[in-house]
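*Asks:*
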Amino acid sequence: MTERWHDEAWAKDMWWSGKTTRRKFLALSSAAAGAMGATILVPAPWREAFGQAKPYKVGVLQPLSGTGAAGGKTALVGTQMAVERINHSGGVNGRPIEIVVADYESKPDVGRRKAEKMVLEDKVDVAEGGYLSNVCLACMPVFEEHKTVWMIGVCLDTTITTSKCSRYVFRPFDYAPAQAVAISPYLVNKMGKKWHIAFLDYAWGQSTRDAYIEQIKKNGGEVVGTTGIPLGTADMAPFVSKISGSFDGLFGIFFGPNAVSFTSAIYEDQSLHPGDGPAAEHAVPQEVLRPGRRGPQADRSVRPAAGPLRAVQLRGDELPQAGDAEVQVPGP
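Positions 0 to 331 (numbering that gives the first Met the number 0) are the ones given, in order, by the sequence shown.
1) Taking DSSP as the reference, what is the three-state secondary structure of residue 155?
2) For residue 134 versus residue 54, is the C-beta distance shorter than 9 Å?
3) From the DSSP output, in three-state form, read off residue 301 for me.
4) So the beta strand (DSSP E) residue 198 belongs to, where does it begin and stop?
5) Taking residue 152 as the reference, give the member of 238, 70, 264, 241 with the closest Cα.
6) Using only the alpha-carbon positions, how far apart do residue 164 and residue 144 sit?
7) Around the C-beta of residue 161, are 16 or more other C-beta atoms found within 10 angstroms, so that it is buried, or is it exposed?
8) Just the Cα atoms here: how many angstroms apart are residue 90 and residue 221?
9) Give, in chain order, every unbroken run of the beta strand (DSSP E) that is at least 3 residues long and sits entirely within the segment 95 to 177.
10) Using C-beta distances below 6 Å, list every residue in its chain close to residue 121, excluding the 5 sequence neighbours before and after it, in chain order.
11) Who are residue 56's beta bridge partners in DSSP?
12) Under three-state DSSP, which class holds residue 182?
13) Nearest to residue 186 by CA position, among 66, 95, 57, 213, is which residue?
14) Taking the straight line between their C-alpha atoms, what separation do you get for residue 83 and residue 95?
15) Whose CA, out of 217, 118, 239, 246, lies closest to the CA of residue 142?
16) For residue 208, count the other beta carbons within 10 Å of its own beta carbon; 16 or more makes it buried, fewer makes it exposed. Which is it?
17) Cutting at 6 Å between CB atoms, please list the residues of its own chain near residue 204, excluding the five before and the five after it.
18) Mind listing, in chain order, the continuous alpha helix (DSSP H) runs of no fewer than 4 residues lying wholly within the segment 63 to 98?
19) Would residue 128 and residue 58 be called neighbours here (beta carbons separated by less than 9 Å)?
20) Kindly indicate the opening and closing residues of the alpha helix (DSSP H) around residue 248.
21) Quick check on the DSSP output: the alpha helix (DSSP H) that includes residue 207 runs from which residue to which?
22) Please work out which residues of its chain come closer than 6 Å, Cβ to Cβ, to residue 319, disregarding the five sequence neighbours upstream and downstream, and give them in chain order.
23) Quick one: what does DSSP say residue 227 is sitting in, helix, strand or coil?
24) State the DSSP-derived secondary structure class of residue 257, mapped to helix, strand or coil.
25) So the alpha helix (DSSP H) residue 239 belongs to, where does it begin and stop?
26) Looking at the structure shown, is residue 307 part of a helix, part of a strand, or coil, going by DSSP?
27) Cα-Cα, which of 154, 85, 215, 264 is closest to residue 232?
28) Which residue wins for smallest C-alpha separation from residue 230, given the options 105, 267, 188, 93?
29) Does the beta-carbon of residue 86 have 16 or more other beta-carbons within 10 angstroms, so that it is buried, or is it exposed?
30) Taking the beta carbon of residue 248 as the centre, do at least 16 other beta carbons fall within 10 Å, making it buried, or is it exposed?
31) Thinking just about the alpha-carbon of each residue, which of 170, 189, 132, 147 is nearest to the one in residue 108?
32) Please say whether residue 126 and residue 114 have beta carbons closer to each other than 9 Å?
33) From the DSSP secondary-structure annotation, give me the bridge partner or partners of residue 51.
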C-alpha cells in the first residue's frame, strides 16, 4: 500500500528504492527518529533472496535506563520503525538491515564498554544513537580507533563537532550555540537584561551555559551568576534555595526528569527572589512535549511581580527566529 505523503513534492528524497545515494542515506538516517520511509511491493522470489542476503549490522547505542531513558526509548522506537520500513522496501543495495541494541544506562563508562563490544564482538558495520553528550564524548575515541562510522543523535555538546571532531563521527543535528543565537535576543529584549543561569553540570549543560553567556552579552544583556546542578539530581530545592543576587530572570538548562525537578523546585520555593521577573527554562520534558509548526514546545515558568509562580506554555513557533531558521529547544 502506498502512503499519501509519497505523492508530495517534498517527499521525493524520502523514497526508498533499494539503491543507496548520499542524499537518500542522510535523509533516511536523519529521519530515523520519525521513522520516515517508503513502502513498495517486492516480488516473492526476490524477497526470498533478500532474506538470505548478509545483513548490514547497525549498532544502536541509547540510554534505555537511567537519566536519559525517556529520550533513548523514544529514539529506539523510531529507529526500529525506520529499519522495518527500509527492509520491507528491499533493504540497502539488496541487503537487509539488522540492528544491535545496547543500553548504556546513561553512564559514560558503560557507554564506552558497550561501544567496544559493538565494534569488536558484534562486528557492526556502522552505529547510531547517543543522546547524552558526556556518553558521546566517552564513546567517540572507540569508533575513531576502530574506524567505524557513528551517527550521533542529539548530544549537543559544542566540542563534538569542533575541537574533538572525528572523521568517523557526525551529527545531523544542531548544537548549543545555534540554539543560543536563536533564543537569546528574545530573553534580553522581551524578558530581562540581567540573568542567572542554572544548568546541568556536565558536557551539554556546560556548553549550553557558555553559549548563552556569550549570546546574551552580544545582545546587550548580562549573566550575573551561574549555578551548576549534577546530572540526575532528584531534589533540586537545596541548589535553588542558594541562588542569590540581583537579576531580572532565572534561566534553567535542563531536560526530561531533570527539567521537572527544576520546575518543581522553583514552584515550591515561592519566596525565591520575589519580583525578580521570569524564570525561563531551556528544556523540553518528554512528558509534556507537543510539536509546534517550527519546533517543539518549550516549557517556561514565569514569576509574577509578587506571589506564587504561574505556568505558561510557549510553542517553538512562537520563539524568535534567527534568519528565519527553525528553532528547536531539545536536550542534551
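For every residue, glycine included, the Cβ atom is placed at its ideal position computed from N, Cα and C. Every value quoted in this text rests on a predicted model; they were computed, and no experiment measured them.
*Replies:* Reading from the atomic positions:
1) In the structure shown, residue 155 sits in coil (DSSP, three-state: anything other than H, G, I, E or B).
2) For the pair residue 134 and residue 54, the CB atoms are not nearer than the 9 Å cut-off.
3) Note that residue 301 has pLDDT 33, beneath the 50 cutoff, so the model's placement of it is unreliable and no number is given.
4) From DSSP, the beta strand (DSSP E) with residue 198 extends over 193 to 199.
5) Looking at the Cα atoms, 70 is the closest of the given residues.
6) Straight-line Cα distance between these residues: approximately 13 Å.
7) With fewer than 16 other Cβ atoms within 10 Å, it is exposed.
8) Residue 90 and residue 221: Cα-Cα distance of roughly 53 Å.
9) The segment 95 to 177 contains, as complete beta strand (DSSP E) runs of 3+ residues, the segments 96 to 102, 125 to 130, 148 to 153 (chain order).
10) If you ignore the 5 residues before and after residue 121, its C-beta comes within less than 6 Å of the C-beta of 99, all in its own chain and listed in chain order.
11) According to DSSP, residue 56 bridges with 97.
12) Here residue 182 carries a helix assignment [DSSP, helix/strand/coil].
13) Measuring from the Cα of residue 186, the nearest candidate turns out to be 213.
14) The alpha-carbon atoms of residue 83 and residue 95 are separated by roughly 9 Å.
15) That would be 118, whose Cα lies nearest to the Cα of residue 142.
16) The Cβ neighbour count for residue 208, taken over all protein chains shown within 10 Å, is at least 16; the residue is labelled buried.
17) Residues 198, 252 of the same chain have their beta carbon placed closer than 6 Å to that of residue 204, with the five preceding and five following residues left out of the count.
18) Entirely contained in the segment 63 to 98, the alpha helix (DSSP H) runs reaching 4 residues are, in chain order, 68 to 87.
19) Yes. Within cutoff.
20) Unbroken run through residue 248 is the beta strand (DSSP E), 248 to 252; no alpha helix (DSSP H).
21) Taken as a continuous stretch (DSSP letters only), the alpha helix (DSSP H) holding residue 207 covers 202 to 217.
22) Since pLDDT at residue 319 reaches only 36, below the 50 mark, its modelled position is unreliable, and the value read off the structure follows with that caveat. Hits under 6 Å: 184, 185.
23) Residue 227 falls in the strand class under three-state DSSP.
24) Helix.
25) Where residue 239 is concerned, the enclosing alpha helix (DSSP H) stretches over 236 to 240.
26) Reliability of the predicted coordinates at residue 307 is poor, the pLDDT of 32 falling under 50, and the value obtained from them is presented with this limitation in mind. In the three-state reduction of the DSSP assignment, residue 307 falls in the coil class.
27) Checked all of 154, 85, 215, 264; the closest Cα to residue 232 is 264.
28) Considering only 105, 267, 188, 93, the residue with the shortest C-alpha distance to residue 230 is 105.
29) The residue in question, residue 86, is buried, as its Cβ has 16 or more Cβ neighbours within 10 Å.
30) Result: buried.
31) In terms of Cα proximity to residue 108, the closest of 170, 189, 132, 147 is 132.
32) Closer than 9 Å, so yes.
33) Answer is none; residue 51 lacks a bridge partner.
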